[in-house]
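Residue numbers for the sequence shown follow my numbering, beginning at 1275 and rising by one.
Structure first, commentary second.
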Amino acid sequence: MSFSLELQKSADIFWEKEKSHEFILGIGSGNLDKSRFVYYLKQDYLFLIGYSRAISIGISKAPQISDMAFLSNLLNETLNTEMQLHVEYCSGFNIEKKDLENTSPSTTTVSYIEHMINSSNIGFLHSLVGILPCAWSYGEIATYLNENIVTDHTNNPYIDWVNMYISDEFKSLSISIMQIIDKYAEKLNKSEKSELTETFLKSSDLEYQFWNAALYME
1275 MSFSLELQKS ADIFWEKEKS HEFILGIGSG NLDKSRFVYY LKQDYLFLIG
1325 YSRAISIGIS KAPQISDMAF LSNLLNETLN TEMQLHVEYC SGFNIEKKDL
1375 ENTSPSTTTV SYIEHMINSS NIGFLHSLVG ILPCAWSYGE IATYLNENIV
1425 TDHTNNPYID WVNMYISDEF KSLSISIMQI IDKYAEKLNK SEKSELTETF
1475 LKSSDLEYQF WNAALYME
(Lines of atoms letter the chains of each structure in order from A and count residues from 1; the text may use other names and numbers.)
(Lines give C-alpha, C1' and ligand atoms only; values in the text may rest on other atoms or scores of the structure.)
Protein backbone atom coordinates (compact mmCIF):
# COMPACT_ATOMS: atom_id res chain seq x y z
CA MET A 1 0.00 0.00 0.00
CA SER A 2 1.32 3.43 -0.89
CA PHE A 3 2.02 5.92 1.88
CA SER A 4 -0.69 8.29 0.66
CA LEU A 5 -3.25 5.48 0.90
CA GLU A 6 -1.95 4.66 4.38
CA LEU A 7 -2.62 8.28 5.31
CA GLN A 8 -6.16 8.08 4.01
CA LYS A 9 -6.78 4.81 5.83
CA SER A 10 -5.50 6.32 9.08
CA ALA A 11 -8.25 8.96 8.82
CA ASP A 12 -11.12 6.53 8.22
CA ILE A 13 -12.74 7.49 11.52
CA PHE A 14 -13.14 11.09 10.31
CA TRP A 15 -14.46 10.00 6.92
CA GLU A 16 -17.09 7.78 8.54
CA LYS A 17 -18.22 10.67 10.77
CA GLU A 18 -18.38 13.05 7.82
CA LYS A 19 -20.67 10.70 5.89
CA SER A 20 -23.25 10.99 8.65
CA HIS A 21 -22.67 14.64 9.55
CA GLU A 22 -25.86 16.68 9.73
CA PHE A 23 -24.44 19.61 7.76
CA ILE A 24 -23.09 17.44 4.96
CA LEU A 25 -26.25 15.37 4.71
CA GLY A 26 -28.23 18.62 4.61
CA ILE A 27 -26.31 19.67 1.52
CA GLY A 28 -27.15 16.37 -0.15
CA SER A 29 -30.83 16.47 0.73
CA GLY A 30 -31.15 20.18 0.07
CA ASN A 31 -32.71 20.67 3.50
CA LEU A 32 -29.79 22.44 5.16
CA ASP A 33 -30.82 25.76 6.69
CA LYS A 34 -29.64 28.52 4.35
CA SER A 35 -28.19 30.62 7.18
CA ARG A 36 -25.84 27.78 8.11
CA PHE A 37 -24.67 27.40 4.52
CA VAL A 38 -24.10 31.14 4.24
CA TYR A 39 -22.01 31.01 7.41
CA TYR A 40 -20.00 28.16 5.92
CA LEU A 41 -19.41 30.02 2.64
CA LYS A 42 -18.07 33.06 4.47
CA GLN A 43 -15.71 31.01 6.60
CA ASP A 44 -14.60 29.01 3.57
CA TYR A 45 -13.55 32.23 1.85
CA LEU A 46 -11.24 32.98 4.77
CA PHE A 47 -10.02 29.39 4.73
CA LEU A 48 -9.02 29.72 1.07
CA ILE A 49 -6.89 32.74 1.94
CA GLY A 50 -5.10 30.79 4.67
CA TYR A 51 -4.82 27.77 2.37
CA SER A 52 -3.11 30.01 -0.18
CA ARG A 53 -0.66 31.32 2.42
CA ALA A 54 0.24 27.76 3.38
CA ILE A 55 0.80 26.85 -0.26
CA SER A 56 3.05 29.88 -0.77
CA ILE A 57 5.27 28.70 2.09
CA GLY A 58 5.27 25.19 0.65
CA ILE A 59 6.63 26.56 -2.63
CA SER A 60 9.69 27.90 -0.82
CA LYS A 61 10.26 24.48 0.76
CA ALA A 62 9.95 22.48 -2.47
CA PRO A 63 13.05 20.39 -3.23
CA GLN A 64 12.66 20.40 -7.02
CA ILE A 65 11.59 22.93 -9.62
CA SER A 66 8.79 20.62 -10.75
CA ASP A 67 7.41 20.66 -7.20
CA MET A 68 7.65 24.44 -7.09
CA ALA A 69 5.82 24.60 -10.40
CA PHE A 70 3.04 22.32 -9.18
CA LEU A 71 2.37 24.36 -6.04
CA SER A 72 2.76 27.62 -7.97
CA ASN A 73 0.06 26.49 -10.36
CA LEU A 74 -2.12 25.42 -7.44
CA LEU A 75 -1.62 28.80 -5.78
CA ASN A 76 -2.51 30.61 -8.99
CA GLU A 77 -5.61 28.46 -9.49
CA THR A 78 -6.72 29.04 -5.91
CA LEU A 79 -6.22 32.80 -5.90
CA ASN A 80 -7.33 33.63 -9.43
CA THR A 81 -9.86 30.95 -10.27
CA GLU A 82 -11.26 29.14 -7.24
CA MET A 83 -11.66 32.25 -5.12
CA GLN A 84 -13.31 34.12 -7.98
CA LEU A 85 -15.69 31.21 -8.52
CA HIS A 86 -16.36 31.22 -4.79
CA VAL A 87 -17.26 34.91 -4.87
CA GLU A 88 -19.57 34.35 -7.84
CA TYR A 89 -21.19 31.34 -6.16
CA CYS A 90 -21.72 33.34 -2.97
CA SER A 91 -23.57 36.04 -4.91
CA GLY A 92 -26.28 33.45 -5.54
CA PHE A 93 -26.88 33.43 -1.79
CA ASN A 94 -26.93 37.24 -1.60
CA ILE A 95 -23.41 37.41 -0.19
CA GLU A 96 -21.40 40.30 -1.59
CA LYS A 97 -17.61 40.29 -1.78
CA LYS A 98 -17.43 42.97 0.90
CA ASP A 99 -19.40 40.65 3.19
CA LEU A 100 -16.77 37.97 2.67
CA GLU A 101 -13.92 40.39 3.28
CA ASN A 102 -15.53 41.72 6.46
CA THR A 103 -16.16 38.27 7.95
CA SER A 104 -14.39 37.46 11.21
CA PRO A 105 -12.78 34.02 11.30
CA SER A 106 -14.20 31.45 13.68
CA THR A 107 -11.97 29.78 16.24
CA THR A 108 -11.95 26.64 14.11
CA THR A 109 -11.02 28.55 10.97
CA VAL A 110 -8.12 30.20 12.78
CA SER A 111 -6.93 26.87 14.18
CA TYR A 112 -7.08 25.18 10.78
CA ILE A 113 -5.21 27.98 9.03
CA GLU A 114 -2.55 28.12 11.74
CA HIS A 115 -2.06 24.37 11.48
CA MET A 116 -1.62 24.47 7.69
CA ILE A 117 0.85 27.35 7.91
CA ASN A 118 2.80 25.73 10.77
CA SER A 119 2.92 22.48 8.82
CA SER A 120 4.26 24.24 5.73
CA ASN A 121 6.95 25.88 7.84
CA ILE A 122 8.14 22.42 8.90
CA GLY A 123 8.82 21.33 5.35
CA PHE A 124 7.56 20.50 1.89
CA LEU A 125 5.92 17.15 2.62
CA HIS A 126 4.25 18.51 5.73
CA SER A 127 2.81 21.30 3.58
CA LEU A 128 1.32 18.69 1.23
CA VAL A 129 -0.15 16.41 3.89
CA GLY A 130 -1.46 19.49 5.68
CA ILE A 131 -3.64 20.49 2.73
CA LEU A 132 -4.44 17.01 1.39
CA PRO A 133 -7.43 16.27 3.68
CA CYS A 134 -9.33 19.24 2.27
CA ALA A 135 -8.62 18.39 -1.36
CA TRP A 136 -9.30 14.69 -0.86
CA SER A 137 -12.34 14.80 1.44
CA TYR A 138 -14.33 17.30 -0.62
CA GLY A 139 -14.19 15.01 -3.62
CA GLU A 140 -15.15 12.01 -1.49
CA ILE A 141 -18.00 13.86 0.22
CA ALA A 142 -19.47 15.20 -3.02
CA THR A 143 -19.26 11.78 -4.67
CA TYR A 144 -20.92 10.12 -1.69
CA LEU A 145 -23.72 12.68 -1.65
CA ASN A 146 -24.28 12.45 -5.39
CA GLU A 147 -24.46 8.65 -5.36
CA ASN A 148 -26.33 8.07 -2.09
CA ILE A 149 -28.13 11.17 -0.79
CA VAL A 150 -29.10 13.56 -3.58
CA THR A 151 -32.56 12.69 -4.90
CA ASP A 152 -33.48 15.95 -6.61
CA HIS A 153 -30.87 17.26 -9.02
CA THR A 154 -33.13 20.09 -10.16
CA ASN A 155 -34.44 21.81 -7.05
CA ASN A 156 -31.69 21.14 -4.52
CA PRO A 157 -30.28 24.63 -3.77
CA TYR A 158 -26.84 23.14 -3.14
CA ILE A 159 -26.55 20.89 -6.18
CA ASP A 160 -24.02 23.20 -7.85
CA TRP A 161 -21.76 22.73 -4.81
CA VAL A 162 -21.99 18.96 -5.21
CA ASN A 163 -21.35 19.12 -8.95
CA MET A 164 -18.32 21.34 -8.46
CA TYR A 165 -16.53 18.80 -6.30
CA ILE A 166 -17.42 15.64 -8.22
CA SER A 167 -15.66 16.98 -11.29
CA ASP A 168 -12.64 15.07 -12.61
CA GLU A 169 -10.70 18.33 -12.62
CA PHE A 170 -11.13 18.76 -8.88
CA LYS A 171 -10.42 15.11 -8.07
CA SER A 172 -7.19 15.29 -10.08
CA LEU A 173 -5.82 17.72 -7.48
CA SER A 174 -5.76 15.20 -4.64
CA ILE A 175 -4.38 12.54 -6.98
CA SER A 176 -1.50 14.82 -7.97
CA ILE A 177 -0.71 15.68 -4.35
CA MET A 178 -0.74 11.99 -3.41
CA GLN A 179 1.60 11.12 -6.28
CA ILE A 180 4.14 13.70 -5.11
CA ILE A 181 3.89 12.49 -1.52
CA ASP A 182 4.47 8.90 -2.62
CA LYS A 183 7.45 9.90 -4.75
CA TYR A 184 9.30 11.14 -1.69
CA ALA A 185 7.85 8.71 0.84
CA GLU A 186 10.06 5.90 -0.48
CA LYS A 187 13.06 7.51 1.22
CA LEU A 188 11.36 8.32 4.54
CA ASN A 189 12.04 6.43 7.74
CA LYS A 190 9.38 5.25 10.16
CA SER A 191 9.71 8.30 12.41
CA GLU A 192 9.33 10.74 9.52
CA LYS A 193 6.25 8.92 8.26
CA SER A 194 4.78 8.99 11.75
CA GLU A 195 5.25 12.76 11.99
CA LEU A 196 3.61 13.26 8.60
CA THR A 197 0.72 11.05 9.66
CA GLU A 198 0.20 13.22 12.74
CA THR A 199 0.06 16.31 10.53
CA PHE A 200 -2.43 14.61 8.22
CA LEU A 201 -4.64 13.43 11.09
CA LYS A 202 -4.72 16.87 12.68
CA SER A 203 -5.81 18.40 9.36
CA SER A 204 -8.43 15.66 9.02
CA ASP A 205 -9.74 16.42 12.49
CA LEU A 206 -9.84 20.16 11.78
CA GLU A 207 -11.65 19.45 8.50
CA TYR A 208 -14.33 17.63 10.49
CA GLN A 209 -14.43 20.41 13.10
CA PHE A 210 -14.90 22.92 10.28
CA TRP A 211 -18.18 21.18 9.39
CA ASN A 212 -19.20 21.24 13.04
CA ALA A 213 -18.48 24.95 13.28
CA ALA A 214 -20.59 25.57 10.18
CA LEU A 215 -23.48 23.54 11.59
CA TYR A 216 -23.52 25.43 14.87
CA MET A 217 -22.31 28.72 13.35
CA GLU A 218 -19.55 29.11 15.89
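Cβ atoms here follow ideal geometry from the backbone N, Cα and C, with glycine treated the same way.
Burial state of residue i (16 or more Cβ within 10 Å)
| i | result |
| --- | --- |
| T1473 | buried |
| F1461 | Here the sequence assigns Lys to residue 1461, which means Phe is not the residue at that position. Under this definition K1461 is an exposed residue. |
| L1359 | exposed |
| T1382 | buried |
| Q1453 | exposed |
| Y1490 | exposed |
| I1391 | buried |
| I1339 | exposed |
| A1488 | buried |
| S1378 | exposed |
| S1380 | buried |
| D1318 | buried |
| A1223 | Limits of the chain in this structure are 1275 at one end and 1492 at the other, which puts residue 1223 out of reach. |
| N1430 | buried |
| V1384 | exposed |
| I1477 | The sequence shown places Ser at residue 1477, rather than the Ile named in the question. Classification for S1477: buried. |
| I1292 | Looking at the sequence provided, one finds Glu at residue 1292 rather than Ile. By the neighbour-count rule (16 or more Cβ atoms within 10 Å), E1292 is buried. |
From the options, residue whose alpha carbon lies closest to that of residue i
| i | options | result |
| --- | --- | --- |
| S1346 | I1405, E1370, S1334 | S1334 |
| L1315 | E1356, T1425, I1449, K1464 | E1356 |
| S1401 | L1281, W1485, S1330, D1307 | S1330 |
| Y1458 | S1294, L1348, G1397 | G1397 |
| I1249 | S1465, S1309, L1475, M1491 | It is not possible to answer for residue 1249, since the shown part of the chain is limited to 1275 through 1492. |
| W1410 | E1351, L1281, M1275 | L1281 |
| L1374 | N1463, Y1313, Y1439, M1275 | Y1313 |
| E1351 | E1492, E1414, E1443 | E1443 |
| E1388 | L1320, L1348, E1370 | L1320 |
| D1307 | S1465, I1455, Y1432 | Y1432 |
| I1423 | V1361, Y1386, S1284, E1296 | E1296 |
| I1348 | N1430, K1283, V1436, R1327 | First, the residue type needs correcting, since residue 1348 is Leu and not Ile in the sequence shown. Nearest of N1430, K1283, V1436, R1327 to L1348, Cα basis: R1327. |
| E1290 | I1369, S1394, E1414, M1342 | E1414 |
Beta-carbon gap between residue i and residue j smaller than 8 Å
| i | j | result |
| --- | --- | --- |
| L1406 | I1451 | yes |
| F1311 | F1277 | no |
| E1481 | C1364 | no |
| T1471 | I1440 | no |
| I1323 | W1485 | no |
| G1302 | L1419 | yes |
| I1455 | V1403 | yes |
| D1371 | V1361 | Asp is not the amino acid found at residue 1371; the sequence shown has Lys there. Their beta carbons are under 8 Å apart, which means K1371 touches V1361 by this criterion. |
| G1332 | S1294 | no |
Boundaries of the alpha helix (DSSP H) in which residue i is found, first to last residue
| i | result |
| --- | --- |
| T1473 | 1464 to 1490 |
| S1512 | Because the chain here runs from 1275 to 1492, residue 1512 falls outside it and cannot be looked at. |
| V1436 | 1433 to 1439 |
| A1285 | From DSSP, A1285 is part of no alpha helix (DSSP H); its letter is neither H nor E. |
| M1452 | 1442 to 1459 |
Test: residue i CB closer than 8 Å to a CB of chain C
| i | result |
| --- | --- |
| V1424 | Any reference to chain C falls outside this structure, which holds one protein chain only. |
* Segments assigned beta strand (DSSP E), at least 3 residues, entirely inside the region 1325 to 1398 -> none
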